[in-house]
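J.: Heads up, the final residue of the sequence shown is numbered 239 in the working numbering, and it's a clean run with no missing numbers.
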Amino acid sequence: MNTQRLVPLSLSSLSRGSLVHAHIRPGSTRPQFFTHIPSFARTSLPSLTHLRTYATQPSPSYTRRESALDKAGTSFLLTELVRGAWLVLENFFRPPYTIYYPFEKGALSPRFRGEHALRRYPTGEERCIACKLCEAICPALAITIEAETRDDGSRRTTRYDIDMTKCIYCGFCQEACPVDAIVEGPNFEYSTETREELLYNKEKLLANGDKWEPEIAKNLEANRYYV
């Protein structure tokens with residue numbers, strides 16, 4: 013076997029520096045790496061010659077250049093200004109979308125989640141059975157419940173507090189309640205001046221339920237087909 017043909021494959025005649033510092037000169041048509049490779053090594057290493065094609069390929073352009081006509085339309089014809097003026101003129105003759113709040117109020121969805129309330133049965137008995145599902149499912153830990161067992165064996169709450177400053181109005185408490193006791197009613201006008209006024213106790217929640225019971229019952233009836 014002729015051993016002379018194996019010498020170029022070992023790159024013994026190439027210097028280590030030419031391999032490490034190989035780079036492409038600006039404006040050159042081939043890498044500087046190939047200038048240090050002897051001619052017999054280039055013919056013996058065909059796998060390296062394909063690098064010459066990658067060195068000369070231009071980088072692709074992903075941006076679309078704006079044409080001269082588009083630039084002229086934007087700069088001289090003021091198309092953006094005309095489009096904005098047309099939008100204002102178009103809405104000028106339409107009826108207004110505003111209402112005179114608080115004298116006028118927009119319609120609310122039956123699923124609107126507003127101020128919390130505890131409901132009663134038509135007999136006056138409170139609905140809550142102290143199952144504590146609402147307290148367990150509340151992601152904000154805003155509900156605190158304490159309960160006791162009555163003489164007849166039923167469970168009722170002795171404490172039902174909601175920290176309205178923590179509530180995120182997700183509606184999970186209303187969905188988890190098996191007897192529709194805790195609900196989020198239609199009232200959204202309950203701003204206060206102090207934080208303590210937003211700490212609702214059982215009496216406050218029952219008072220809200222008594223006040224908004226007609227609307228709450230109507231909304232629950234309208235929404236029962238979608239639950």
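C-beta atoms are modelled at their ideal positions from N, C-alpha and C, and glycine is treated no differently.
Note that the structure is a prediction, hence the values are computed from the model and not measured.
Which word fits ALA148, buried or exposed, when buried means at least 16 other C-beta atoms lie within 10 angstroms of its C-beta?
T.: Exposed is the call here.
J.: In the DSSP assignment, the alpha helix (DSSP H) including THR177 goes from what residue to what residue?
T.: Careful: THR177 lies outside any alpha helix (DSSP H) and carries neither H nor E.
J.: Fully enclosed by the segment 130 to 187, which alpha helix (DSSP H) runs are 4 residues long or longer?
T.: Here the runs fully enclosed are 145 to 149.
J.: Report the rounded CA-to-CA distance for TRP98 versus LEU90, giving the unit in angstroms.
T.: The alpha-carbon atoms of TRP98 and LEU90 are separated by roughly 12 Å.
J.: What does the Cβ neighbour count give for THR169, buried or exposed, with the cut at 16 atoms within 10 Å?
T.: buried
J.: Once the 5 residues before and after GLY183 are set aside, which same chain residues still bring their CB inside 7 Å of it?
T.: ARG125, GLU196
J.: What is the DSSP secondary structure of LEU211, reduced to helix, strand or coil?
T.: The answer is strand: DSSP assigns LEU211 an E or B state.
J.: So, are the CB atoms of CYS150 and ALA193 less than 9 Å apart?
T.: No, Cβ-Cβ distance for CYS150 and ALA193 is not below 9 Å.
J.: Tell me where the alpha helix (DSSP H) around VAL100 begins and ends.
T.: Residues 91 to 104.
J.: Which residue's Cα is closest to the Cα of ASP173: VAL94, GLU209, LEU232, GLU225?
T.: GLU209
J.: Could you tell me if LYS230 is buried or exposed, where buried requires 16 or more neighbouring beta carbons within 10 angstroms of its beta carbon?
T.: That one is exposed.
J.: Is DSSP giving GLU78 helix, strand or coil here?
T.: For GLU78, the secondary structure class from DSSP, reduced to helix, strand or coil, is coil.
J.: Within the same chain, show all residues whose beta-carbon is closer than 6 Å to that of LYS216, passing over the 5 residues directly before and after it, in chain order.
T.: none
J.: With distances taken between CB atoms, is the gap from LEU211 to THR177 smaller than 9 Å?
T.: yes
J.: DSSP three-state call for GLU201: helix, strand or coil?
T.: coil
J.: Is the distance from the Cβ of ARG171 to the Cβ of GLU158 below 9 Å?
T.: yes
J.: Just list the residues that DSSP pairs GLU196 with in beta bridges.
T.: Note: GLU196 sits in a beta bridge opposite HIS128.
J.: Leaving out five residues on either side along the sequence, give the residues of the same chain with a beta carbon under 6 Å from the beta carbon of ILE155.
T.: Answer for ILE155: CYS146, GLU147, ILE174, listed in chain order.
J.: Mind checking SER40: buried by the 16 CB within 10 Å criterion, or exposed?
T.: With a pLDDT of 49 at SER40, under the threshold of 50, the modelled position of this residue cannot be trusted, and the question is left open.
J.: Between GLU227 and ASN235, what straight-line distance do the alpha-carbon atoms span, to the nearest angstrom?
T.: 12 Å
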